[in-house]
Amino acid sequence: MSCLFNSYDPYFKQPFGAVRAGQTVHLTLCIPEELGYVDPHLVIQKEGKYDVPVHYRMKFDGQTPKQNHFSVDVTLGDVGLYFYYFDLYTDFRRIVRGPDNCGVVSWQEGESWQLTVYEPSFQTPDSIKGKVFYQIFPDRFCEGVENKPMPFPDRLYQADKHAEPFWQPNEIGGHLNEDYFGGDLKGIQLKLPYLHEMGVDFLYLNPIFEAHSNHRYNTADYLNVDPLLGTNEDFEALCMEAAKYGIGIVLDGVFSHTGSDSRYFNREGRYGEGGAYRDANSPYRGWYDFDPKYKGGYRSWWGFETLPEVNEETPSYVDFVTGEGGVIDTWLRRGAAGFRLDVADELPDSFIEKVRAAVKRVGPEKFLLGEVWEDATTKFGFDKRRTYLLGKGLDSVMNYPFKNAVLDFVKGKPAEQAINEIMTICEHYPAPAMDTALNFLSTHDTERALTVIADEPANGRGREWQSGRCVTGDAYEEGILRLKMAYAIIYTLPGVPCLYYGDEIGMQGYRDPFNRGYYCWDSHEKRLRPVLAQLAQLRHTCEAFHSGALRVLRADGGVLHYQRIGLVETAEIIVNRTEHIIVEPLASGKHTEVNPMGFTIVVEEVGHNPNHSYYDYK
Numbered sequence: 040m041s042c043l044f045n046s047y048d049p050y051f052k053q054p055f056g057a058v059r060a061g062q063t064v065h066l067t068l069c070i071p072e073e074l075g076y077v078d079p080h081l082v083i084q085k086e087g088k089y090d091v092p093v094h095y096r097m098k099f100d101g102q103t104p105k106q107n108h109f110s111v112d113v114t115l116g117d118v119g120l121y122f123y124y125f126d127l128y129t130d131f132r133r134i135v136r137g138p139d140n141c142g143v144v145s146w147q148e149g150e151s152w153q154l155t156v157y158e159p160s161f162q163t164p165d166s167i168k169g170k171v172f173y174q175i176f177p178d179r180f181c182e183g184v185e186n187k188p189m190p191f192p193d194r195l196y197q198a199d200k201h202a203e204p205f206w207q208p209n210e211i212g213g214h215l216n217e218d219y220f221g222g223d224l225k226g227i228q229l230k231l232p233y234l235h236e237m238g239v240d241f242l243y244l245n246p247i248f249e250a251h252s253n254h255r256y257n258t259a260d261y262l263n264v265d266p267l268l269g270t271n272e273d274f275e276a277l278c279m280e281a282a283k284y285g286i287g288i289v290l291d292g293v294f295s296h297t298g299s300d301s302r303y304f305n306r307e308g309r310y311g312e313g314g315a316y317r318d319a320n321s322p323y324r325g326w327y328d329f330d331p332k333y334k335g336g337y338r339s340w341w342g343f344e345t346l347p348e349v350n351e352e353t354p355s356y357v358d359f360v361t362g363e364g365g366v367i368d369t370w371l372r373r374g375a376a377g378f379r380l381d382v383a384d385e386l387p388d389s390f391i392e393k394v395r396a397a398v399k400r401v402g403p404e405k406f407l408l409g410e411v412w413e414d415a416t417t418k419f420g421f422d423k424r425r426t427y428l429l430g431k432g433l434d435s436v437m438n439y440p441f442k443n444a445v446l447d448f449v450k451g452k453p454a455e456q457a458i459n460e461i462m463t464i465c466e467h468y469p470a471p472a473m474d475t476a477l478n479f480l481s482t483h484d485t486e487r488a489l490t491v492i493a494d495e496p497a498n499g500r501g502r503e504w505q506s507g508r509c510v511t512g513d514a515y516e517e518g519i520l521r522l523k524m525a526y527a528i529i530y531t532l533p534g535v536p537c538l539y540y541g542d543e544i545g546m547q548g549y550r551d552p553f554n555r556g557y558y559c560w561d562s563h564e565k566r567l568r569p570v571l572a573q574l575a576q577l578r579h580t581c582e583a584f585h586s587g588a589l590r591v592l593r594a595d596g597g598v599l600h601y602q603r604i605g606l607v608e609t610a611e612i613i614v615n616r617t618e619h620i621i622v623e624p625l626a627s628g629k630h631t632e633v634n635p636m637g638f639t640i641v642v643e644e645v646g647h648n649p650n651h652s653y654y655d656y657k
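With the first letter of the sequence shown counted as 1, position 125 gets the number 164 in the numbering used here; the numbers rise by one all the way through.
So this is what it looks like as structure tokens:
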């Protein structure tokens, strides 16, 4: 039986993907004659407590050999998530979503298709689209001021930049993250020419605010740079110098919790006698939830007593973060290009909306990114469906589903499965969010991409097993080839690629702290850098990577072939994971060879002579 409906195919659904509120959607069914007489209806229901299914009768559009065609137009005026299927109406049969997104006939309830309807006014910064990000863990990138003293006596300095980060537990089994390699803002500034050569447009920095751990996700002072990294003036100087290279700086904002060792909570007493923990009359007392029912006497993030949770609805806290002269305002006016919100899932939508207002108050091109590990449109939190990607909250999110799909594909997952996971996200996300989603292969929270690709999974094995592991020999060489393929996909899919520092030289490591080694500036691995630089140049010069549509031409086993279609240019990407050379037909009618474990990218002008390609990358 031929395909009855496929929401990825423009014949069956226009426009593709999410729509703005008030925008009309055209849906088509192709019903084989063998199903007999049918009277199909679209059945669509908005997700909501009091919402009920609405039935739209589809009109008959005519016949082709052995096929009957039906269509319907529907306009949805309210923002939210809608779910739909088709009822044949002549009996109890319906058309539901199959595992490959194609409609299948069922006598029972089945999976529905999702239609995301977002705010008509939703826009995201054009300055982000078509660009390249680079993520830096500040302590581990480059030491610009050498041999500087530790600003606090409980910090341990790692002079050996090739040393493994501390991982051994202390006497009570905890991990204090107290070893510092001395990376700083001056070091980042020194490497701006290198980053520019790599085609980097934005730096995403893990937290830089004063905190008492090397990761700095336990904020001690939101308004000041950690003294080991430099000063507020050093940050402003970095932003000014980066701007000369066309590079913006995005900061990491941790607003769901603070450190217990902070001027706001001050359990450890580092900040005198004040603070919510020590002073019941502290102006910060209302930020926290003190109650004997909690371990330690206060609510903490995931039970970690060093991370007391903040009530993000406390007016004084909201104003401190989002008000004029608050945290967001201060750092954007110091030169930051935007913020990434740590654990955005754990921040109320109302708080995120206020953060957005604070960001956009400084300028519409300022960027607000959220950490979300799943499909951001279907995420539940606070006992309700989250709305932060529908136009009033985040600009976009970190795109973990793409990471998982791409890494799984280069490791051996069938292309059909990987592309379905990718297309699902493209279909669910509003176009403004999809165009600015942060696509990556490694982060400070996940294993390094090369380790994932070339080494065996940790499968829950501890740090002692992970320590010192390093892929070498044939496994390493094959891993490099697969990593090239993975980044070729990441750099050419919808969204914005983000390179995690050190991936370009094949750095390895399982999860924290092994994925946070110091950058090996004396590395002999030079093969990835020119490829990534060329991919970045391609993004900058080909208009299709700004916000061009995605069209899949082939997803078959080890071959992935797709287009990015812009207004004036079309890019065609073929990734060949097989061990054999392939000859692949292009949409233009030409053919191109793709080497085993390699990729080819062809860019052509729309309407150009199909026998000519002015850009080939092999």
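For every residue, glycine included, the Cβ atom is placed at its ideal position computed from N, Cα and C.
For clarity, every value in this text was computed on a predicted model and none was experimentally measured.
Per-residue DSSP class, three states only, for residue i
| i | result |
| --- | --- |
| cysteine 278 | helix |
| tyrosine 656 | Note that tyrosine 656 has pLDDT 48, beneath the 50 cutoff, so the model's placement of it is unreliable and the number below is only indicative. Tyrosine 656 falls in the strand class under three-state DSSP. |
| tyrosine 173 | strand |
| asparagine 263 | strand |
| leucine 244 | strand |
| glutamate 73 | helix |
| lysine 52 | strand |
| isoleucine 38 | Coverage of the chain is limited to positions 40 through 657, which leaves residue 38 absent and any answer about it impossible. |
| tyrosine 515 | helix |
| cysteine 465 | helix |
| alanine 572 | helix |
| glutamate 385 | helix |
| tyrosine 121 | strand |
| methionine 437 | strand |
| arginine 194 | coil |
| alanine 57 | coil |
| phenylalanine 44 | coil |
| lysine 393 | helix |
| asparagine 650 | Confidence at asparagine 650 is low in this model, with a pLDDT of 43, below 50, so its placement is unreliable and the value that follows should be read with caution. Note: asparagine 650 maps to coil in three-state DSSP. |
| methionine 296 | Methionine is not the amino acid found at residue 296; the sequence shown has histidine there. Reduced to three states, the DSSP call for histidine 296 is strand. |
| alanine 376 | coil |
| alanine 626 | coil |
| aspartate 414 | coil |
Test item: CB-CB of residue i and residue j under 8 Å
| i | j | result |
| --- | --- | --- |
| arginine 133 | tyrosine 124 | yes |
| arginine 395 | lysine 452 | no |
| lysine 168 | aspartate 474 | yes |
| methionine 279 | glycine 183 | no |
| serine 506 | tryptophan 206 | yes |
| isoleucine 247 | aspartate 218 | no |
| glycine 518 | alanine 493 | yes |
| phenylalanine 304 | proline 347 | yes |
| threonine 609 | alanine 583 | yes |
| phenylalanine 55 | alanine 588 | yes |
| lysine 332 | glycine 342 | no |
| glycine 548 | glutamate 564 | no |
| valine 289 | tyrosine 243 | yes |
Strand pairing of residue i, partner residues [DSSP]
| i | result |
| --- | --- |
| aspartate 494 | According to DSSP, which records beta bridges pairwise, aspartate 494 is partnered with nothing at all. |
| glutamate 611 | Gln602 and Val641 |
| tryptophan 152 | Tyr123 |
| aspartate 112 | His65 |
| serine 694 | The question about residue 694 has no answer, for the chain in this structure spans 40 to 657. |
| lysine 423 | Gly420 |
| alanine 594 | Leu599 |
Cβ-based neighbour list, residue i, same chain, cut-off 6 Å, excluding 5 preceding and 5 following
| i | result |
| --- | --- |
| cysteine 42 | Cys141 |
| phenylalanine 51 | Phe44, Asn45 and Thr67 |
| tyrosine 18 | The requested residue 18 does not occur in the structure, where the chain is confined to residues 40 to 657. |
| glutamate 543 | Leu567, Arg568 and Leu571 |
| alanine 444 | Ala457, Glu460 and Ile461 |
| methionine 636 | Leu520 |
| glutamate 455 | Ala594 |
Own chain, CB closer than 8 Å to residue i, minus 5 neighbours either side, in chain order
| i | result |
| --- | --- |
| aspartate 284 | Before going on, a small fix: residue 284 reads as tyrosine here, not aspartate. Leu231, Pro232, Leu234 and His235, listed in sequence order. |
Contact set for residue i: own chain, Cβ-Cβ below 7 Å, skip 5 residues either direction
| i | result |
| --- | --- |
| tryptophan 412 | Tyr439 |
| glutamate 150 | Val135 and Arg136 |
Proximity test, Cβ basis, 8 Å: residue i and chain B
| i | result |
| --- | --- |
| arginine 578 | No chain B appears in the structure shown, which is made up of a single protein chain. |
Q | Cβ contact (3+ pairs, closer than 8 Å) linking the region 487-496 and the region 456-468 | A | no
Q) Does the region 529-536 come close enough to the region 178-198 that 3 or more CB-CB pairs lie under 8 Å? A) no
Q. Between the region 397-406 and the region 358-376, do three or more beta carbon pairs fall short of 8 Å?
A. yes
Q: Report yes or no: do the region 325-339 and the region 377-393 share at least 3 C-beta pairs separated by less than 8 Å?
A: no
Q: Taking 8 Å as the threshold, find out whether the region 148-168 comes into contact with the region 89-102 through three or more Cβ pairs.
A: no
Q) Looking at C-beta atoms only, is the number of pairs between the region 549-558 and the region 191-210 that lie closer than 8 Å three or more? A) yes
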